[in-house]
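Be aware that the sequence shown starts at 1, since it is given in this note's numbering, and climbs by one per residue. No residue lacks a Cβ here, since even glycine has one placed at the ideal position from N, Cα and C. What you are looking at is a predicted structure, and each value in this text was computed from that prediction instead of being measured.
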Amino acid sequence: MSANDTTDPPDGGVRTAAAPAGADHATAAPPRAVGSPPVPAGWQRRRLRTEIWIVLGLSLGQSAVYAVVTIVARLTAGTPLGEQAAALNPSRSPRPYLDLTYQLLSIGFALVPVALALFLLSEPGRRATARIGLDAHRPWRTLADGVGLAALIGIPGLGLYLLGRALGVTVEVHASALNAHWWTVPVLILAALQNALLEEVIVAGYLVERLEQLGWRPAAVVATSALVRGAYHLYQGIGPFVGNAVMGVIFAQYYRRRRRTMPLVVAHALIDVVAFVGYALLPAGVLASLGLT
Numbered sequence: 001m002s003a004n005d006t007t008d009p010p011d012g013g014v015r016t017a018a019a020p021a022g023a024d025h026a027t028a029a030p031p032r033a034v035g036s037p038p039v040p041a042g043w044q045r046r047r048l049r050t051e052i053w054i055v056l057g058l059s060l061g062q063s064a065v066y067a068v069v070t071i072v073a074r075l076t077a078g079t080p081l082g083e084q085a086a087a088l089n090p091s092r093s094p095r096p097y098l099d100l101t102y103q104l105l106s107i108g109f110a111l112v113p114v115a116l117a118l119f120l121l122s123e124p125g126r127r128a129t130a131r132i133g134l135d136a137h138r139p140w141r142t143l144a145d146g147v148g149l150a151a152l153i154g155i156p157g158l159g160l161y162l163l164g165r166a167l168g169v170t171v172e173v174h175a176s177a178l179n180a181h182w183w184t185v186p187v188l189i190l191a192a193l194q195n196a197l198l199e200e201v202i203v204a205g206y207l208v209e210r211l212e213q214l215g216w217r218p219a220a221v222v223a224t225s226a227l228v229r230g231a232y233h234l235y236q237g238i239g240p241f242v243g244n245a246v247m248g249v250i251f252a253q254y255y256r257r258r259r260r261t262m263p264l265v266v267a268h269a270l271i272d273v274v275a276f277v278g279y280a281l282l283p284a285g286v287l288a289s290l291g292l293t
């Protein structure tokens, strides 16, 4: 689901440059095994860590912080968590065309961190999109993998949401709070694609690449990616945190093995399109029977 609807206050190694001549040996990269990712020198490691904090602070890390504050506020509000609600994709103006303008601006600016991450991952002679597999290579295999991952995550995810609602540890999530207009469904589809690009490029592609470049162990890389993904969904309750963390483990492992984010983007977009558009178009009675209202 969306990483940016957290209730507004209003989410393989790279060759590194050789150390300058005469550099202190204390900053030189330690020896590494043949075939393993290059380990950056000390100053490069500090720069990469700072870069990661900046990228996350401008995107999903910021959403995670707001989500943590929101869940604390919810848990201390005096109203049981199961009786609270969270609205995704809300209308931003009662005037339809102004609302549409706000929606498109929000989607566009939310993708700026994606452009930043791709820029930072780019290398001379190699595009970042090729590096993380954000391309149209083998489209039918990509589509098949995306549909398979969507089914693997989406169906159990709905069950986990309903279980969380039954246990009172998940808020009632309204997947689309947009007013009904001719442009509602196209905007919801664009919002789903924006969520997919933002989350998969940042936490599955960029973050995994950078943590591996820093020499982190595979288990730590996967756990960090999964925890960040779960954290920015905490505003929805404990169930969505757990479900998205599990999704993060599967997606991070997939990326580590295949080095492709496009199937993850396809899977994530399909899950969100079904959630957003289905919520907007299904009759209230059907939604109620599924426990979604």
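- Threonine 170 has Gly237 as its beta-bridge partners, per DSSP.
- Just measuring C-alpha positions, the residue of Ala275, Ile271 and Arg259 sitting nearest histidine 137 is Arg259.
- Within the model, the alpha-carbon separation for valine 114 versus alanine 144 is close to 24 Å.
- With respect to the C-alpha of isoleucine 271, the residue from Gly205, Ala110, Ile52 and Ala175 having the closest C-alpha is Ala175.
- By the Cβ-count criterion, serine 93 is exposed, with fewer than 16 other Cβ atoms from all chains shown falling within 10 Å of its own Cβ.
- In the three-state scheme derived from DSSP, where H, G and I count as helix and E and B as strand, alanine 180 is classed as coil.
- Per DSSP, alanine 219 is one residue of the alpha helix (DSSP H) stretching across 218-231.
- When secondary structure is reduced to three states using DSSP, proline 90 falls in the strand class.
- Comparing C-alpha distances from glycine 108 to each of Asn195, Val65 and Leu118 shows the shortest one belongs to Asn195.
- Counted as a single uninterrupted DSSP element, the alpha helix (DSSP H) harbouring glutamate 212 occupies residues 207-213.
- With fewer than three CB-CB distances shorter than 8 Å, the region 253-267 does not count as touching the region 87-102.
- Annotation for valine 68: the continuous alpha helix (DSSP H) segment containing it runs 60-75.
- Note on phenylalanine 251: 16 or more other CB atoms within 10 angstroms of its CB, so buried under the neighbour-count rule.
- Note that the C-beta distance between isoleucine 132 and glutamate 199 is not below 8 Å.
- In the DSSP assignment, valine 114 falls within the alpha helix (DSSP H) that extends over 112-121.
- With respect to the C-alpha of proline 96, the residue from Ala267, Val187 and Pro240 having the closest C-alpha is Val187.
- Boundaries of the alpha helix (DSSP H) around alanine 128: 128-131.
- Pairing leucine 111 with leucine 197 gives a Cβ-Cβ distance under 8 Å.
- If you check the CB distance, valine 203 and glycine 248 come in under 8 Å.
- Among the bridge pairs identified by DSSP, alanine 85 is matched with Glu172.
- In this structure threonine 70 is in contact with tyrosine 235, their Cβ atoms being roughly 4 Å apart against a cut-off of 8 Å.
- A distance of 8 Å or more separates the beta carbons of glycine 168 and glycine 230.
- By the neighbour-count definition (other C-beta atoms within 10 Å, threshold 16), arginine 217 is an exposed residue.
- The Cβ atoms of valine 273 and isoleucine 189 sit closer than 8 Å to each other.
- Listed in chain order, the non-local C-beta contacts of valine 277 below 6 Å within the same chain comprise Val185 and Leu188, local neighbours out to five positions each way being set aside.
- Counting other Cβ atoms within 10 Å of its Cβ, glutamate 123 stays below 16 and is therefore classed as exposed.
- Nearest C-alpha to proline 263 among Ala245, Glu172 and Gly148: Gly148.
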